[in-house]
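S.K.:
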Amino acid sequence: MKAVLRVTAFPLILAASVAVAWWLLGAGVSPLAVIVTVSPVAAAFVIALEWTIPFRREWLRDQGDLRTDCIHLVVSAWVVESLPALGHGALIAGAIAVSGAVGRPPWPTEAPVWAQLGLALLVSELIHYTLHRALHAFDPMWRLHAVHHSAPRLYWLNATRVHPLEGLLHIATGATVLVVAGVPSEVLTLHAVWLGIGRLFQHANIDVRLGVLNLVFSGTEVHRFHHSIERGEADANYGNNLLVWDWVFGTRRAVPHASAPAQIGGPRLPAGWWGQVTSPFRRDTAG
């Protein structure tokens, strides 16, 4: 049974989550209700899998990071990521302005929903890839991103260990571009569910064996090496969920099967949330 879970858990949960979200949207459920229903259920499955087929059992134990990561979850995932919803009216106004300038919405709304979802993933992945490389390449930006890389272990909550300013950068680029481009709300909802599930699995302490899917997805087997203490290993495989742009720009790096780098982590930062979010602005915590 565990051998089957290692191979099938990720693709099945991802596909089922997106399919259920699509069905709920078709039944008239609001996009917000779909996201707050589907995503927590999927997260519960991911957490259960961490305890069923963990990659490293020692990563199941609190290493003095759980409380801080819970605060990151509330601030970066719940508060910061809710801003697009709060600013939806302004974004729609921007979309209308763009439509007026070009004569029609730039997004191919007449295409099938699944084709639009694929295009939305490609566009958002390109934006994320560009920003992610910049976060690694430029010291002021790396100081923000170092908060994410400072985690001493990999488990599902690492997905939201993000400096709030970095979270705002992602919103100001990826989310805003898609909305202003005129992507329909149902496609945005499916896109949000897809990325949310992918992000959880990407950081999860689950012993998955994706095989050939590791050529396409930036899953946990690949992403473990992105969290290596060695920058030579960490400065690669920038894809948020897909590796397509890593292939295009030559930053895709093959990783040993079912393995991990010698050491996970990054710059030594304070253990507390406040110390971490203020660390980019202090000389004593240079990355």
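If you're matching positions, the sequence shown starts at 235 in our numbering and goes up one per residue.
Beta carbons are placed, not taken as given, at the ideal position from N, Cα and C, and that holds for glycine.
Between His379 and Asp373, what straight-line distance do the alpha-carbon atoms span, to the nearest angstrom?
M.R.: In a straight line, the C-alpha of His379 is about 10 Å away from that of Asp373.
S.K.: For Glu420, which residues of its own chain have a beta-carbon under 6 Å away from its beta-carbon, when the five flanking residues on both sides are left out?
M.R.: Cβ neighbours of Glu420 beyond the five flanking positions: Leu259.
S.K.: Cα separation between His358 and Leu248?
M.R.: One point to set straight first is that residue 358 is Ser, not His, in the sequence displayed. Rounded to the nearest angstrom, the two C-alpha atoms are 18 Å apart.
S.K.: So who's on the other strand from Phe451, going by DSSP bridges?
M.R.: DSSP, once it has assigned bridges, lists Leu476 as partnering Phe451.
S.K.: Do Tyr389 and His437 have their beta-carbon atoms positioned less than 8 Å apart in this structure?
M.R.: Closer than 8 Å, so yes.
S.K.: Just to check my reading of the structure: Ala492 and Glu455 have Cβ atoms closer than 8 Å, yes? What is that Cβ distance to the nearest angstrom?
M.R.: Ala492 to Glu455, Cβ: 7 Å. Contact.
S.K.: Mind the definition here: the segment 392 to 399 touches the segment 299 to 312 only if three or more C-beta pairs lie below 8 Å; say whether that holds.
M.R.: Contact between the segment 392 to 399 and the segment 299 to 312 is present, because at least three Cβ pairs lie under 8 Å.
S.K.: I need the DSSP call for Ile287, collapsed to helix, strand or coil.
M.R.: Ile287: coil per DSSP, three-state reduction.
S.K.: For Ser462, does the three-state DSSP call read helix, strand or coil?
M.R.: Residue state, collapsed to three classes: strand.
S.K.: I believe Ile440 touches Gly408 by the beta-carbon criterion, under 8 Å. Please report the beta-carbon distance rounded to the nearest angstrom.
M.R.: The Cβ separation is near 26 Å, so there is no contact.
S.K.: With DSSP collapsed to three states, give me the class of Ile498.
M.R.: Strand at Ile498.
S.K.: Between the segment 479 to 493 and the segment 258 to 274, are three or more C-beta pairs nearer than 8 Å?
M.R.: Short answer: they don't touch.
S.K.: Where does the unbroken alpha helix (DSSP H) through Gly509 begin, and where does it stop?
M.R.: It spans 507 to 512 - the alpha helix (DSSP H) in which Gly509 sits, taken as one unbroken run.
S.K.: Judging by CA-CA distance, which residue of Gln497, Leu365, Val417 is the nearest neighbour of Glu344?
M.R.: Of Gln497, Leu365, Val417, the residue nearest in Cα terms is Val417.
S.K.: Just list the alpha helix (DSSP H) runs in the segment 335 to 376, keeping only unbroken ones of 4 residues or longer that don't cross its boundaries, in chain order.
M.R.: Within the segment 335 to 376, the complete alpha helix (DSSP H) runs of at least 4 residues are 347 to 371.
S.K.: DSSP state of Pro504, grouped into three classes?
M.R.: Coil, per DSSP.
S.K.: Going by C-alpha distance, which of Gly432, Trp341, Ile498, Gly509 is nearest His461?
M.R.: Of the candidates Gly432, Trp341, Ile498, Gly509, the one whose C-alpha sits nearest the C-alpha of His461 is Ile498.
S.K.: Which whole-angstrom value is the C-beta distance of Pro398 and Val314, which I expect to be below 8 Å?
M.R.: About 5 Å separates the two Cβ atoms, so the contact holds.
S.K.: Ala243 and Leu294 look like a contact to me (Cβ under 8 Å); what is the Cβ gap, rounded to whole Å?
M.R.: The Cβ separation is near 17 Å, so there is no contact.
S.K.: Looking at the unbroken alpha helix (DSSP H) that takes in Gln436, where does it start and where does it end?
M.R.: That run of the alpha helix (DSSP H) goes 419 to 437.
S.K.: For Leu365, collect the residues of the same chain with a Cβ closer than 7 Å to its Cβ; drop the 5 residues on either side in sequence, then sort them by chain order.
M.R.: Contacts found: Leu403, His404, Thr407.
S.K.: Between the C-alpha atoms of His322 and Trp428, what's the straight-line distance to the nearest angstrom?
M.R.: For His322, the pLDDT reaches just 46, beneath the cut-off of 50, and the residue's location in the model is therefore unreliable, although a value from the coordinates is still provided. Distance between the alpha carbons of His322 and Trp428: 20 Å.
S.K.: Can you list, in chain order, the residues of its chain with a C-beta nearer than 6 Å to that of Ala426? Leave out the 5 residues immediately preceding and following it.
M.R.: So the list reads Ile269, once near-sequence residues are dropped.
S.K.: In the structure shown, what three-state DSSP assignment does Gly262 receive?
M.R.: Of the three classes helix, strand and coil, the one that applies to Gly262 here is coil, per DSSP.
S.K.: In the DSSP assignment, the alpha helix (DSSP H) including Pro398 goes from what residue to what residue?
M.R.: First-last of the alpha helix (DSSP H) with Pro398: 398 to 404.
S.K.: Rank Gly453, Val414, Pro501 by C-alpha distance to the C-alpha of Arg517 and give the top, closest one.
M.R.: When only C-alpha atoms are compared, the closest one is Pro501.
S.K.: Quick check: Arg240 and Arg487, are their CB atoms within less than 8 Å of each other?
M.R.: Contact flag unset, no.
S.K.: Have a look at Ile287 and Leu449 and give me their C-alpha separation to the nearest angstrom.
M.R.: Spanning the two alpha carbons is a distance of roughly 22 Å.
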